[in-house]
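Enquirer: Residues in the sequence shown are numbered consecutively from 4, following our numbering.
Every residue gets a Cβ at the ideal spot worked out from N, C-alpha and C, and that includes glycine.
Got a structure for you, written out below as structure tokens; questions coming shortly.
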Amino acid sequence: FVSACITGSAPLTAVQLLWVNMIMDTLGALALATEPPNEGLMKRPPIARTASFITKTMWRNIAGQSVYQLSVLGILNFAGKSLLKLDGPDSTAVLNTVIFNSFVFCQVFNEINSREIEKINVFKGMFNSWVFTGVMTVTVVFQVIIVEFLGAFASTVPLSWQHWLLSILIGSLSMIVAVFLKCIPVESCRHHDGYELLPSGPSSSISA
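Okay, structure coming up:
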């Protein structure tokens, strides 16, 4: 959207955007909705009917990841040919495919980040959910197929291993960004996963 407003042309086609939306909305929702509950779930109090659906912690993560993705993909879009030393008649197609591939891997790694809103260790128990790991695997496999074999349909061109490595690196850096974001306090320290702990033990029974 930003590129289209500035240059008048978008690096992603309608088919590519449809695939990205499917990753984020359909497959991502399926993967995260099937995550087993963690041990702190029963310590959360009831949420007020008037409470905000998106917490301050969520806004922090969304804003930080958005800034990172816009910055990196913007640099690729406007200076990618010189940075990647692309020339020739297919340089634009290669660059747009790298941008598309990097954007997809940003969403893949961000889905892993979304497993834990506050905790830094997002891998704990990840392989206990076969649906989550299955969705991640299917997403990556289909991305390879789309880029390497469905160029006529998805407006992509096959990439070199260096460009694949760059795309995966850009996506994986979002996990490092997430670690720094989670070090930024936005909620009270009494909170656990963004929620205030319920009282427990003898003191709770006395106060009751």
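(1) Residue range of the alpha helix (DSSP H) that Lys185 falls in?
(2) At a cut-off of 6 Å, would you count Ala96 as near the ligand FAD, judging by its Cβ distance to the nearest heavy atom?
(3) Tell me where the alpha helix (DSSP H) around Leu89 begins and ends.
(4) Out of curiosity, what's the CA-to-CA distance linking Gly91 and Lys122?
(5) Under the rule that 16 or more other beta-carbon atoms within 10 Å means buried, what is Ala181, buried or exposed?
(6) Taking only beta-carbon atoms, is Glu151 less than 7 Å away from chain B?
(7) With distances taken from CA atoms, which of Met25, Phe145 and Ile102 is nearest Leu76?
(8) Got a sec, what are the start and stop residues for the alpha helix (DSSP H) Leu20 sits in?
(9) Terminal residues of the continuous alpha helix (DSSP H) containing Leu33?
(10) Roughly how many angstroms separate the alpha carbons of Thr58 and Lys185, rounded to a whole number?
(11) Around the Cβ of Trp62, are there at least 16 other Cβ atoms within 10 angstroms (buried) or fewer (exposed)?
(12) Relative to the C-alpha of Leu15, which candidate in Ala157, Phe145 and Leu162 has its C-alpha closest?
(13) In this structure, how does DSSP classify Phe56 when only helix, strand and coil are distinguished?
(14) Which one of Thr37, Val150 and Leu30 has the shortest CA to CA distance from Asn99?
(15) What are the complete alpha helix (DSSP H) segments, minimum 4 residues, inside the segment 115 to 148?
(16) I need the straight-line Cα distance from Ile115 to Val18, nearest angstrom please.
(17) So, with DSSP's three-state summary, where would you put Ala155?
Expert: By the coordinates alone:
(1) Per DSSP, Lys185 belongs to the alpha helix (DSSP H) from Trp164 to Lys185.
(2) Because no ligand of any kind appears in the structure shown, any question about the ligand FAD cannot be addressed here.
(3) No alpha helix (DSSP H) holds Leu89; DSSP gives it neither H nor E.
(4) 46 Å
(5) buried
(6) Included in the structure is just one protein chain, with no chain B present.
(7) Ile102
(8) Ala17 to Asn24
(9) Gly31 to Ala36
(10) 14 Å
(11) exposed
(12) Ala157
(13) coil
(14) Comparing C-alpha distances from Asn99 to each of Thr37, Val150 and Leu30 shows the shortest one belongs to Val150.
(15) none
(16) 24 Å
(17) helix
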